[in-house]
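Here is the structure we will look at, set down as structure tokens.
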Amino acid sequence: MKTLLKISALALVCLGSAADAKVFEGGWSTFYFTGPSHTRTFGECLVFFNTGAVAGFADSGTWRSNADPSEGGNFIYDNGVLRFYGTSNNGFDAVTHYATITDFKSGAGGFSMWFTGTAPLTPIQDGTLVMDKGCAGG
Amino acid sequence: MENCVKRSLTIAAALIALGGSALSPASGAAFFKGKYTVTYFSGPNHTESDQVCVAFTHAGGVAGFPDSGTWTARKLAKDLGGNFTVDGGVLRFYAAYDNGLSVLNHFAVMTGTTGAGGFDQWDRSVSPPAPIADGTIQIAKGCA
Chain F
1 MKTLLKISAL ALVCLGSAAD AKVFEGGWST FYFTGPSHTR TFGECLVFFN
51 TGAVAGFADS GTWRSNADPS EGGNFIYDNG VLRFYGTSNN GFDAVTHYAT
101 ITDFKSGAGG FSMWFTGTAP LTPIQDGTLV MDKGCAGG
Chain L
1001 MENCVKRSLT IAAALIALGG SALSPASGAA FFKGKYTVTY FSGPNHTESD
1051 QVCVAFTHAG GVAGFPDSGT WTARKLAKDL GGNFTVDGGV LRFYAAYDNG
1101 LSVLNHFAVM TGTTGAGGFD QWDRSVSPPA PIADGTIQIA KGCA
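Just so you know, the sequences run in chain order F and L. Take the first sequence: its letter number 7 is residue 7 in the numbering used here, and every next letter is one higher. Each number in the numbering used here comes from the position in the second sequence (counting from 1) with 1000 added on.
Set out below in structure tokens:
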């Protein structure tokens, strides 16, 4: 009987840990600082949907911009580093980002944006970014 | 008077030296360029998947960054080419290949002549993009 109780308690602890496991998702306010002097250029709400299975990563999915419906792509959360990429401007521009996010609350990293096509590629902008969990207005 | 002239000359020489040293980092700045070995570690287990010699050419002016240019890696694809920027110790470099339909993107935090970071590789011809590979990288000056 005691053994049974111990097993049940252990099972409950394990279930609790699984339920507490965080995955990357939700709305994130993202602010861009462009060029070598890192001038703040714009901010937008990016929404991440955890679907899994992007390039074999369990914590991964898709993302889109609330401001620009044509901007979106895939993301991967890999050991505290978020990488997300996609297209905008109806597929004419490519955009890539990365950010170190260890607490699921805020993070910082960099981004690049350029006109799609064949090399040589034409850059649009490049710089750093800051991300905060949550977006104004929900 | 002689002392005054000597002192003035000494001060002038010191100012020139100061001015010279202040200017020298900009005029003699070492831009990022040359051949680097990039090692790819793909997937959630970060399995070593490839090692490529990448050639960086300093051109400047990419998105306004003075320390920037173009890069190629002919082993990956003959038509692969793209841009790089060095921004506060972080190297970002991206490229297109397969007639511009596929993208290979990286970042690396550099410490001296080595660095570590991440990469993503994807097909942009569909929406959302079709992932090809994703993971971490290590980069080191020189190619075998």
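Glycine is no exception: its CB is placed at the ideal position from the N, C-alpha and C atoms. Values in this document were obtained by computation on a predicted structure and should not be read as measured data.
- Taking the CA atoms as reference points, residue 114 (chain F) sits about 33 Å from residue 22 (chain F).
- With a cut-off of 8 Å on Cβ pairs, the segment 78 to 96 of chain F is in contact with the segment 1095 to 1115 of chain L, counting three or more such pairs.
- Residue 69 (chain F) has a beta carbon lying at 7 Å or more from every beta carbon in chain L.
- Chain order gives the chain L residues near residue 121 (chain F) as 1081, 1082, 1083, 1094, 1095, 1096, where near means a beta carbon separation below 8 Å.
- Counting only the Cα atoms, residue 132 (chain F) lies some 7 Å from residue 107 (chain F).
- Taking 7 Å as the CB threshold, residue 126 (chain F) lines the interface with chain L.
- Chain L has a Cβ within less than 7 Å of the Cβ of residue 74 (chain F).
- Nearest to residue 1099 (chain L) by C-alpha distance, out of F:92, F:127, F:118, F:104, is F:118.
- Residues of chain F with a Cβ closer than 9 Å to the Cβ of residue 1063 (chain L) are, in chain order, 34, 35, 36, 112, 113, 114, 123, 124, 125, 126, 127.
- In terms of beta-carbon proximity, residue 117 (chain F) lines the interface with chain L, with at least one pair separated by less than 7 Å.
- Following the DSSP letters along the chain, one finds residue 44 (chain F) inside the beta strand (DSSP E) bounded by residues 39 to 50.
- If you check each beta-carbon in the segment 1042 to 1054 of chain L against every beta-carbon of chain F, the ones closer than 9 Å belong to 1042, 1043, 1044, 1045, 1046.
- Under the three-state reduction of DSSP output, residue 1099 (chain L) falls in the coil class, being neither helix nor strand.
- At a Cβ-Cβ threshold of 7 Å, residue 104 (chain F) and residue 76 (chain F) do not count as neighbours.
- The Cβ-Cβ distance between residue 127 (chain F) and residue 1090 (chain L) does not fall below 7 Å.
- Among the residues of chain L, those whose CB is under 8 Å from the CB of residue 98 (chain F) are 1107, 1117, 1118, following chain order.
- Against chain L, the CB of residue 81 (chain F) has a partner CB under 7 Å away; the residue lies at that interface.
- When secondary structure is reduced to three states using DSSP, residue 133 (chain F) falls in the strand class.
- Residue 120 (chain F) counts as exposed, since fewer than 16 other beta carbons sit within 10 angstroms of its beta carbon.
- The beta carbon of residue 51 (chain F) does not come within 7 Å of any beta carbon belonging to chain L, so the residue lies off that interface.
- A buried status is given to residue 1068 (chain L), since no fewer than 16 other beta-carbon atoms sit within 10 Å of its beta-carbon.
- Taken in chain order, the members of the segment 1119 to 1138 of chain L whose beta-carbon sits within less than 9 Å of a beta-carbon on chain F are 1119, 1120, 1121, 1122, 1124, 1125, 1127, 1128, 1129, 1130, 1131, 1132, 1133, 1134, 1135, 1136.
- Collapsing the DSSP output to three states places residue 25 (chain F) in coil.
- Taking each of F:42, F:129, F:88 in turn and checking the Cα distance to residue 63 (chain F), the smallest one comes out for F:88.
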